[in-house]
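**Q** Take this structure first; my questions come after.
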Amino acid sequence: MKTPNRHMLRWKIAIQEYRGNMTIVHKDGNINNNADELRRGPLPNNIDNPSYVPEGASPKIPIEGIIFTDLNTPFFAELRNGYTQDKNFSILYQLLTKDCKDNALIHALDEIWNKSSEKGRFHLLDGVIYHRTKHTCVMTVVDRSSINLLLKECHHSPSSGHLSEDRTREKIKTCIWWPMCQKDVSEYFKTCDRCQKENKSTGKRLGNMITIQEPRRPWEIVHMNWVTGLPPGGDLSFNNIPVIGDRFGKTPIFLPFHKDDKSRDTALLIWNRVVLWTGILTNIISDRDPKFTSALWKNVQQIFGTKLFFSTAYHPQTDGLAERMIQTLKNIVRRCFSYSLEFKDCNGFTHDLCTLLPEPELEYKTSIHGSTKQAPAILEKGWSPKLPQDFLTKDLVEIHLKDASFKGMLDKARNHSVRCMEDSFAYAEDKWDKSHATTDFKLKDSFAGPYVIKALHVENSVEVELSEELSNKSPTFPVSLIKPYKASDAEKLPLRNKVPQAIPPIESSGFKKITKVLKERKLRTNKVREYLVRYSEPTCEDELLAEKDIPAATKLLRRL
Numbered sequence: 001m002k003t004p005n006r007h008m009l010r011w012k013i014a015i016q017e018y019r020g021n022m023t024i025v026h027k028d029g030n031i032n033n034n035a036d037e038l039r040r041g042p043l044p045n046n047i048d049n050p051s052y053v054p055e056g057a058s059p060k061i062p063i064e065g066i067i068f069t070d071l072n073t074p075f076f077a078e079l080r081n082g083y084t085q086d087k088n089f090s091i092l093y094q095l096l097t098k099d100c101k102d103n104a105l106i107h108a109l110d111e112i113w114n115k116s117s118e119k120g121r122f123h124l125l126d127g128v129i130y131h132r133t134k135h136t137c138v139m140t141v142v143d144r145s146s147i148n149l150l151l152k153e154c155h156h157s158p159s160s161g162h163l164s165e166d167r168t169r170e171k172i173k174t175c176i177w178w179p180m181c182q183k184d185v186s187e188y189f190k191t192c193d194r195c196q197k198e199n200k201s202t203g204k205r206l207g208n209m210i211t212i213q214e215p216r217r218p219w220e221i222v223h224m225n226w227v228t229g230l231p232p233g234g235d236l237s238f239n240n241i242p243v244i245g246d247r248f249g250k251t252p253i254f255l256p257f258h259k260d261d262k263s264r265d266t267a268l269l270i271w272n273r274v275v276l277w278t279g280i281l282t283n284i285i286s287d288r289d290p291k292f293t294s295a296l297w298k299n300v301q302q303i304f305g306t307k308l309f310f311s312t313a314y315h316p317q318t319d320g321l322a323e324r325m326i327q328t329l330k331n332i333v334r335r336c337f338s339y340s341l342e343f344k345d346c347n348g349f350t351h352d353l354c355t356l357l358p359e360p361e362l363e364y365k366t367s368i369h370g371s372t373k374q375a376p377a378i379l380e381k382g383w384s385p386k387l388p389q390d391f392l393t394k395d396l397v398e399i400h401l402k403d404a405s406f407k408g409m410l411d412k413a414r415n416h417s418v419r420c421m422e423d424s425f426a427y428a429e430d431k432w433d434k435s436h437a438t439t440d441f442k443l444k445d446s447f448a449g450p451y452v453i454k455a456l457h458v459e460n461s462v463e464v465e466l467s468e469e470l471s472n473k474s475p476t477f478p479v480s481l482i483k484p485y486k487a488s489d490a491e492k493l494p495l496r497n498k499v500p501q502a503i504p505p506i507e508s509s510g511f512k513k514i515t516k517v518l519k520e521r522k523l524r525t526n527k528v529r530e531y532l533v534r535y536s537e538p539t540c541e542d543e544l545l546a547e548k549d550i551p552a553a554t555k556l557l558r559r560l
């Protein structure tokens with residue numbers, strides 16, 4: 001194999017390991033028993049041959065994409081007949097048949113014919129007028145039916161393939177010429193139904209740009225969109241994230257959601273999780289998702305006085321703020337879940353999409369935005385939340401940009417603290433103590449007392465002498481929760497002593513209130529069901545109890 005091609009070389013490399021146990025022997029085609037069509041003789045052209053063609057018969061070509069065009073004698077006769085029916089062609093035919101120049105006939109031509117005639121572009125050969133350009137010389141046609149037929153062959157036929165206007169014009173230039181041919185070709189191309197449906201521009205189409213009104217305060221204009229196609233996460237298998245963005249400060253809100261939830265669930269989510277933070281929304285910009293275009297969503301927003309603005313089809317630039325937030329969120333989620341749907345951190349805690357969702361929201365709020373050059377949290381609230389890295393610089397002195405304002409703020413704080421301390425030291429007899437709120441806080445007094453101050457601790461807290469009713473509470477309270485008690489004069493106001501004072505109820509420390517049933521467990525030994533309950537007191541841990549030991553068990557188990 002002196003000069004093997006790539007196919008032969010590939011076979012040679014493949015059989016190298018078998019060369020020690022094999023021999024390659026060449027056999028001619030007539031000796032080889034396998035089929036060899038190249039070395040067989042042609043079959044006789046008789047009736048027994050399936051490809052039999054009678055003598056003198058024209059072959060049939062079963063290809064519809066090939067069209068044969070033949071300019072026969074009737075075509076030229078029709079072409080010459082058309083010259084006599086047109087005024088300019090008949091005058092031009094007379095000029096070309098004469099040996100001398102006739103100015104009267106030249107001035108009788110139309111302007112476009114006159115210019116071409118003066119440049120010597122027309123020639124007469126065998127009774128047919130030809131038009132000459134720099135590189136071509138084609139015959140002229142005046143009959144409209146012939147022009148339309150040629151336009152169809154050069155653009156509409158399968159061999160032309162509905163190519164562009166320039167390519168169609170170049171094809172026609174090599175065939176025929178007629179006055180205003182470029183205008184007719186352009187009109188034919190622009191009115192072609194298939195080209196209008198299939199042709200598309202490679203560049204961006206320019207349109208009338210309409211700017212969105214800029215908001216004057218946070219959460220005045222809100223952008224909403226959805227992040228779909230996410231893996232299920234959390235105990236409830238959330239697979240969708242609604243993205244709510246503030247146009248003023250670029251503050252985002254990311255919430256877990258289900259893709260199959262309806263518009264009613266969307267309205268409840270916005271009311272319970274968004275309106276609670278932002279207040280009633282004024283303007284909402286979103287795409288035409290079925291959840292946003294439903295009658296329920298529109299009626300709810302109409303009740304609140306919220307205006308809805310929808311983007312047009314295939315124009316995500318209208319909701320560009322939410323789309324850009326979605327790209328940032330996808331990048332964060334993709335990097336966190338690049339190896340698996342769930343992973344464990346260095347402390348051994350398992351995380352998924354829902355557990356990590358608050359972190360990108362906090363990161364977005366505290367990072368500098370490219371358009372505003374400020375963090376969204378600062379533009380919304382005036383201060384940035386504390387982050388873990390901020391504790392590295394907690395001992396450093398913070399210097400305000402305006403010293404005068406900072407000094408005034410310190411003076412106000414110092415004067416207020418001195419006034420509070422003077423009020424607490426000015427008396428030592430009777431004081432009021434602000435009690436802790438209980439379940440009946442709406443009907444309970446804001447303060448309890450009067451009580452006597454026993455001692456002062458660390459200059460900002462006092463110890464009082466509580467009564468037996470409140471002996472289960474700690475007697476030490478901060479200075480901010482006490483105020484001086486002014487006793488009334490019994491001689492001046494004798495009736496006031498008869499007014500009974502409200503005594504705070506004694507709280508029972510032995511009773512613990514159950515707020516929720518978390519799980520259910522069935523014991524195999526005695527087939528008893530136990531329930532994991534949670535108490536209202538944060539210091540009490542969850543506990544397994546039987547149904548008979550749970551107060552109001554029917555109501556709590558129904559919620560489970």
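Per full-length UniProt numbering: the sequence shown = residues 1 to 560. The beta carbon of each residue, even a glycine, is placed where N, CA and C say it ideally should be.
(1) Looking at C-beta atoms only, is the number of pairs between the region 225-236 and the region 320-329 that lie closer than 8 Å three or more?
(2) Which value, in whole angstroms, describes the spacing of the CA atoms of Glu17 and Val25?
(3) Using DSSP's beta-bridge definition, name the partner residues of Phe304.
(4) Restricting to Cα atoms, I'd like to know which of Lys412, Arg264, Arg559 is closest to Val533.
(5) If the criterion is Cβ atoms closer than 8 Å, does the pair Thr476 and Glu463 meet it?
(6) My output table needs one value for Cys154: the three-state DSSP class, helix, strand or coil.
(7) Inspect the beta-carbon positions of Val479 and Cys420 and report whether they are closer than 8 Å.
(8) Between Leu43 and the rest of its own chain, which residues show a CB-CB distance below 7 Å, the 5 nearest in sequence each way excluded?
(9) Could you check if Thr168 is buried or exposed, using at least 16 other CB atoms within 10 Å of its CB as the buried criterion?
(10) Would a C-beta distance cut-off of 8 Å place Ala267 and Trp297 closer than the cut-off?
(11) Quick one: residues in its chain with C-beta nearer than 6 Å to the C-beta of Lys454, no 5 flanking neighbours on either side, listed in chain order?
(12) Are the beta-carbon atoms belonging to Asp352 and Gly234 less than 8 Å from one another?
(13) Just to confirm, is the Cβ distance from Leu281 to Thr306 under 8 Å?
(14) In three-state DSSP terms, what is Val53?
(15) Just confirm the distance between the C-beta atoms of Phe309 and Ile284, as a whole number of angstroms; I'd bet it's less than 8 Å.
(16) Could I get the ranges of all uninterrupted alpha helix (DSSP H) runs contained in the region 80-122, with 4 residues as the minimum, in chain order?
(17) Name the residue from Arg194, Lys200, Leu255, His155 whose alpha carbon lies nearest to the alpha carbon of Val185.
(18) Any contact between the region 246-253 and the region 370-385? By contact I mean 3 or more CB pairs, one from each, below 8 Å.
(19) From the DSSP output, in three-state form, read off Leu466 for me.
(20) Please name the residue in Asp260, Arg288, Phe292 whose C-alpha comes closest to that of Ile270.
(21) Would you decide whether Pro242 is buried or exposed? Buried here means 16 or more other CB atoms lie within 10 Å of its CB.
(22) Could you have a look at Leu230 and say whether DSSP puts it in helix, strand or coil?
(23) Tell me, to the nearest whole angstrom, how far the beta carbon of Lys530 is from that of Leu545; I am working on the premise that it is less than 8 Å.
(24) Alpha carbon to alpha carbon, how far is His131 from Val138?
(25) Tell whether a beta-carbon distance below 8 Å holds between Ser311 and Arg335.
(26) Measuring only the C-alpha atoms, how far is Ser51 from Gly127?
(27) DSSP state of Met409, grouped into three classes?
(28) Name the one or two DSSP bridge partners that Asp246 has.
(29) Is the region 171-189 in contact with the region 95-105, if contact means three or more CB pairs nearer than 8 Å?
**A** For this structure:
(1) The answer is yes - the region 320-329 touches the region 225-236, with three or more Cβ pairs under 8 Å.
(2) If you take the alpha carbons of Glu17 and Val25, they lie about 18 Å apart.
(3) Bridge partners of Phe304: none, in fact.
(4) Residue Arg559 holds the alpha-carbon nearest to the alpha-carbon of Val533 among Lys412, Arg264, Arg559.
(5) Closer than 8 Å, so yes.
(6) When DSSP states are grouped into helix, strand and coil, Cys154 belongs to the helix group.
(7) Closer than 8 Å, so yes.
(8) Annotation for Leu43: Asn49 place their beta carbon closer than 7 Å to its own, counting only its chain and skipping 5 residues before and after.
(9) With at least 16 other beta carbons inside 10 angstroms of its own, Thr168 counts as buried.
(10) Contact flag set, yes.
(11) The beta carbon of Lys454 sits closer than 6 Å to those of Glu463, Glu465, all from its chain and outside the five residues before and after it, given in chain order.
(12) Going by C-beta atoms, Asp352 is nearer than 8 Å to Gly234.
(13) Less than 8 Å separates the beta-carbon of Leu281 from that of Thr306.
(14) Here Val53 sits in coil by DSSP.
(15) About 7 Å separates the two Cβ atoms, so the contact holds.
(16) Runs of the alpha helix (DSSP H) spanning 4 or more residues and lying entirely within the region 80-122 occur at 87-97, 103-108, 111-118, in chain order.
(17) With distances taken between Cα atoms, Val185 lies closest to His155.
(18) As far as the Cβ criterion goes, the region 246-253 touches the region 370-385, which means the pair count is three or higher.
(19) In the structure shown, Leu466 sits in coil (DSSP, three-state: anything other than H, G, I, E or B).
(20) Ranking the options by Cα distance to Ile270, first place goes to Phe292.
(21) By the 16-neighbour rule on beta-carbons within 10 angstroms, Pro242 is buried.
(22) If DSSP states are grouped into helix, strand and coil, Leu230 belongs with coil.
(23) Correcting the residue identity first, residue 530 is Glu in this sequence and not Lys. The C-beta separation of Glu530 from Leu545 comes to about 7 Å, placing the pair in contact by the 8 Å criterion.
(24) Our two residues, His131 and Val138, have alpha carbons roughly 5 Å apart in a direct line.
(25) No, the pair does not count as a contact, with Cβ atoms beyond the cut-off.
(26) The alpha-carbon atoms of Ser51 and Gly127 are separated by roughly 46 Å.
(27) Of the three classes helix, strand and coil, the one that applies to Met409 here is helix, per DSSP.
(28) Bridge partners of Asp246: Val222.
(29) Fewer than three pairs of CB atoms, one per stretch, sit closer than 8 Å, so the region 171-189 makes no contact with the region 95-105.
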